[in-house]
Structures are given as structure tokens and as C-alpha cells.
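Following: one structure in C-alpha cells, then a few remarks.
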Amino acid sequence: MSTFKAPKGTYDLIPPYSAKYLAVRDAISGPLRLSGYGYVETPGFEDVDLFARGVGESTDIVTKEMYTLTTKGGANLALRPEGTASVLRAALEANLHKAGGLPVKLWYSGSYYRYERPQKGRYRHFSQVGAEAIGAEDPALDAELIILADQAYRTLGLRNFRILLNSLGDQECRPVYREALQTFLRGLDLDEETVRRAEINPLRVLDDKRPEVQKQLAGAPMLRAYLCDACKAYHEEVRALITAAGVTFEDDEKLVRGLDYYTRTTFEFVHDGLGSQSAVGGGGRYDGLSEMIGGPALPSVGWALGVDRTVLALEAEGVELDIPAATSVFAVALGEAKPVLFGLVTELRKSGIAADISYGGKGLKGAMKDANRSGARFAVVAGDRDLAEGVVQLKDMESGEQSPVALAEVAEVLRAKLA
Ligand code: ATP
Ligand code: MG
1 MSTFKAPKGT
11 YDLIPPYSAK
21 YLAVRDAISG
31 PLRLSGYGYV
41 ETPGFEDVDL
51 FARGVGESTD
61 IVTKEMYTLT
71 TKGGANLALR
81 PEGTASVLRA
91 ALEANLHKAG
101 GLPVKLWYSG
111 SYYRYERPQK
121 GRYRHFSQVG
131 AEAIGAEDPA
141 LDAELIILAD
151 QAYRTLGLRN
161 FRILLNSLGD
171 QECRPVYREA
181 LQTFLRGLDL
191 DEETVRRAEI
201 NPLRVLDDKR
211 PEVQKQLAGA
221 PMLRAYLCDA
231 CKAYHEEVRA
241 LITAAGVTFE
251 DDEKLVRGLD
261 YYTRTTFEFV
271 HDGLGSQSAV
281 GGGGRYDGLS
291 EMIGGPALPS
301 VGWALGVDRT
311 VLALEAEGVE
321 LDIPAATSVF
331 AVALGEAKPV
341 LFGLVTELRK
351 SGIAADISYG
361 GKGLKGAMKD
371 ANRSGARFAV
381 VAGDRDLAEG
391 VVQLKDMESG
401 EQSPVALAEV
411 AEVLRAKLA
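Heads up: the sequence shown begins at 1 in the UniProt record's numbering, then just goes up one per residue.
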């Protein structure tokens, strides 16, 4: 062990476990790549004000969870706590919204940082795959994203997740509701911080998980009753499109999300095997965000799915991903056979076969141990006597059968066997 450890709240992804993370990222991005979403990558840090304005001054993310730093040049930066603000910033900066048709559809995958209290499913460094559809107001777009996330989870083999769906209204109906909710909250017995939150962002009080708060919220006015006709119609259409796609969801009129920028459609994916960190992903419509960060009006919708919690959900359900062995063919070179088998391995790799060879001048026993450990389907073993006869020994690692094959033909034979 070295003197150093991974920082608190972080962990390393190491093989073979790390293969699961790659598989999850692939499974989540696969449906997006088939649906017109282009890959976007933004820096790991941004101007701190992008998040302060974009995510919201009163959110937990901005008030408590951001890693901020001042550079030697005096710039105030933050490690990115989430993806949406950065992706929208990048799209605006590149004028993607002017370049072609709308919506601009983008997907991303990467690391995010939040200074949180570490626990199972909650880390200070975690990874997300996300998608954003920028610049169009169309219920089909909201539905598309929910359907694609559902498809991703099902492809992975997840079953015990639920989709919670709500509408948060828009700039017309939400202020009226906000007033009504604030009036109600002012009559409750709340702690100082919650009273402050009720004044800045009363909807988020509904999201308070503490039983003593939840009990008092029993008679709170619900946004559903205040939705304007346009929001109602929009929400109905989203629901109808998802239903028609065969995706089941639950209406959750208490669902509000931690970020300030959401309007209309909001949703969360929860998994019942994860205890208190039950949200595996979430998202919604954010029609006002572009203007909040200095851009034109660009109604948009998106989601982010947490890779770490998705892996935990797979484990909770006992799903084994079908991850192919890293190596198909393992070469064991004895005596002077090394250059020949090294050449064979290079040739196999070029033709797309995962191949490896024993290193470090091991004898037959040690090298066969390596072959076993690699999980290879076949071993190719050769020593001086084999080479003199122009053959190698091809061993089937499952049956244990071994037979000589002409050196000149072995690559072709392996390609055929592995096809
Ligand atoms: P929570 O309510 O659990 O704090 P959140 O609302 O802050 O979640 P989002 O900002 O919507 O989460 O992020 C989307 C997804 O990213 C979450 O559903 C979760 O899977 C993942 N995620 C968020 N924060 C963390 C974290 N600290 N550690 C691991 N995964 C996280
Ligand atoms: Mg959070």
C-alpha cells in the first residue's frame, strides 16, 4: 500500500469491477445515440457563477455542496456539481442553437463533484450519463427522454425501478401556487432554516424528508390544483405518449426536484433496493435556464442518471451483466518461441481478437496460471520443439483438450472458432 488513500467520499474503479461501469455507461448512452443525440464534453470546472445562477442560489448544491477554488489568476471556479448548466453554456457559446434546426440534442458522460456527507450511494465524486434536448417545447421530447431512460434501464436488466412524474407548472401558474403555498407554510411550526427556505423556494420545503416536517405538510395546497390550462394540456400529452410507448409511471404530485430551473415536466427514477439513496436518476423541463445564464429563450428538457447508483441497483437486484472476458486467446511462449507467439498475438489483436501473452520469462506452470486467470477461451502454447515442427499446441480452456495446429494456420483457426 502507498502512503496515500483515495480522498474521503471517493473510490476507485478497478478491474474487473470497473467493467460494470463501462457497461452501464454504454447501456445508458446506447438509446440516446440511436435517437439523434450527439456527444458533448465540457470542462470539469466552470465559472462558479454559472452554477450559482443556473442551479440556483438557494439550492443545497450551491449553498453547501460545491467545491470552489480561486485560481492563481484570481478566477473563481467550481468543480462541476451537475451537467445541465455546463452543457447549455457550451451549446450557447458554440451557437449550436443558431447553426441548425432545433432542438439541439446532446448527451454527456463524466465525473461530478459534490461536498456531501459520504454514505452508501452518496459520494463526493460520482459519475452521471445525461441528455439534454435544447430549444424546443414539445411534449414528445419530454416523453422521448423518459422512454429512452426506461429503455436503458431495461436493457441493463433492471426491473424494480419506478418512474415518478409531475408537472411544476410555468411562469403563469406557478407564482399563484407559490403564494398559496407560502401562506400555508407561514402558519406552520418550522425551524429557522426551513422558514428561510419557505421564503426563497417554498416548493423545496415539500421535498423535506424529515417526518416532523412531512406531518405538518399534510394539508398543504398541491400544485396540481393550480396548473393553468396550457400546463395541464402539456402534461396530459406527455402522459399519453409515455403510456402509448408501454412505459409505466406513477403520478407524484409532491415531486419537486432540488434544482431551481425546472418548469412543467419533472420526473425521477427511483429504485426500491437502495435504501435512502433511492433516486437513480432524474430530470425535467427547464424552460427558463437559458435566459438565467444570459442566453435567449430556449425551452429545454433533460435528465441525468447516476452511474454509481445504477450499479448499486443492479447489485441489489442480483443482475449479472453479460460482460465478455477481457481476453479470448492467451499465448504461452516457452524457450525461443516468444518472438513468434508475440507476432501471433499482435496479428490476432489487429483482427479484433482480444489476445494476451505471458510476460516475465515464466515457466510453463506460471504461464498457464496467467492463462487461467485471464479467462481466455483458448491458450496457444509453443516451445522450441513445436516450432521446429512448425506447429503450436492449441488448448481449449473449457474442455482441457489440446491438439497441434500448424503455426501458419493457427490465426485462421482461432478466428473461425471464436466467430
Ligand atoms: P439526491 O436527492 O439523492 O441528493 P439529487 O436530486 O441531488 O439526488 P440529481 O442532481 O438529480 O440528484 O442527480 C441525478 C443523479 O445523480 C441522482 O439520481 C443520483 O443517481 C446521482 N447522484 C447525485 N448526487 C450523487 C452523489 N453525491 N453520489 C452519487 N450519486 C449521486
Ligand atoms: Mg443531492
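Quick reminder that beta carbons are idealized off the backbone N, C-alpha and C, glycines included. For clarity, every value in this text was computed on a predicted model and none was experimentally measured.
- Nearest in C-alpha terms to Arg122, of all of Pro221, Arg309, Leu32, Leu203, is Arg309.
- Boundaries of the alpha helix (DSSP H) around Ser290: 289-292.
- Counting along the chain, no beta strand (DSSP E) covers Gln182; the unbroken alpha helix (DSSP H) around it starts and ends at 174-186.
- For His271, the beta-bridge partners assigned by DSSP are Phe161.
- In the DSSP assignment, Pro404 falls within the unbroken beta strand (DSSP E) covering 402-406.
- In the same chain as Ala180, and ignoring 5 residues on each side of it, the C-beta atoms closer than 6 angstroms to its own belong to Pro221, in chain order.
- Taking all protein chains in view, the Cβ of Phe4 is surrounded by fewer than 16 other Cβ atoms within 10 Å, so the residue is classified as exposed.
- The C-beta of Tyr39 has fewer than 16 other C-beta atoms within 10 Å across all chains shown, which makes the residue exposed.
- Ala27 has its CB no nearer than 7 angstroms to any heavy atom of the ligand ATP.
- The secondary-structure analysis by DSSP pairs Glu132 across a beta bridge with Leu106, Gly302.
- Taking a C-beta distance under 8 angstroms as the contact criterion, Phe51 and Ala90 do not qualify as a contact pair.
- With respect to Glu336, Asp384 sits close: the two C-beta atoms are nearer than 8 angstroms.
- DSSP places Tyr39 in the strand class (E or B) of the three-state scheme.
- With fewer than 16 other beta carbons inside 10 angstroms of its own, Ile200 counts as exposed.
- The alpha-carbon of Glu144 is positioned some 10 angstroms away from that of Asp138.
- Taking 7 angstroms as the cut-off, the C-beta of Val280 counts as close to a heavy atom of the ligand ATP.
- With fewer than three CB-CB distances shorter than 8 angstroms, the stretch 402-418 does not count as touching the stretch 356-368.
- Counting along the chain, Lys5 sits inside no beta strand (DSSP E), nor does DSSP assign it H or E at all.
- Within a 10 Å sphere around the beta-carbon of Val176 sit fewer than 16 other beta-carbons, which makes this residue exposed.
- Closer than 7 angstroms to some heavy atom of the ligand ATP: that does not describe the Cβ of Glu401.
- For Ile147, same chain residues with a beta-carbon under 6 angstroms away, outside a window of 5 residues either side, are Ala245, Val247 in chain order.
- Between the C-alpha atoms of Lys20 and Ser328 there is a straight-line separation of about 19 angstroms.
- Sequence-distant Cβ neighbours of Ala75 in its own chain, meaning closer than 8 angstroms and more than five residues away, are Asp47.
- According to DSSP, Tyr123 shares a beta bridge with no other residue.
- With a minimum length of 4 residues, the unbroken runs of alpha helix (DSSP H) contained wholly in the stretch 356-407 fall at 364-374, 384-389.
- Excluding sequence positions up to five before and after Pro404, its CB lies within less than 8 angstroms of the CB of Asp386, Glu389, Val391, Val392, Gln393, Leu394, all in the same chain and listed in chain order.
- For Gly169, same chain residues with a beta-carbon under 8 angstroms away, outside a window of 5 residues either side, are Tyr177, Leu223, Tyr226, Leu227, Cys228, Cys231, Thr263, Arg264 in chain order.
- Between the alpha carbons of Gly157 and Glu315 lies a gap of roughly 11 angstroms.
- In this chain, Glu65 is not harboured by any alpha helix (DSSP H), its DSSP state being neither H nor E.
- Less than 8 angstroms divides the Cβ of Val280 from the Cβ of Phe269.
- Burial is judged here by how many other beta carbons sit within 10 angstroms of a residue's own beta carbon; Arg117 has fewer than 16 and is exposed.
- Under a 10 Å Cβ-count criterion, Ala99 is classified as exposed, with fewer than 16 other Cβ atoms of the shown protein chains found around its own Cβ.
- Under the three-pair Cβ rule at 8 angstroms, the stretch 119-135 does not count as touching the stretch 206-219.
- Taking C-alpha positions only, Ala198 is separated from Leu188 by approximately 11 angstroms.
- Three or more Cβ pairs closer than 8 angstroms define a contact, and the stretch 19-33 meets that threshold against the stretch 102-110.
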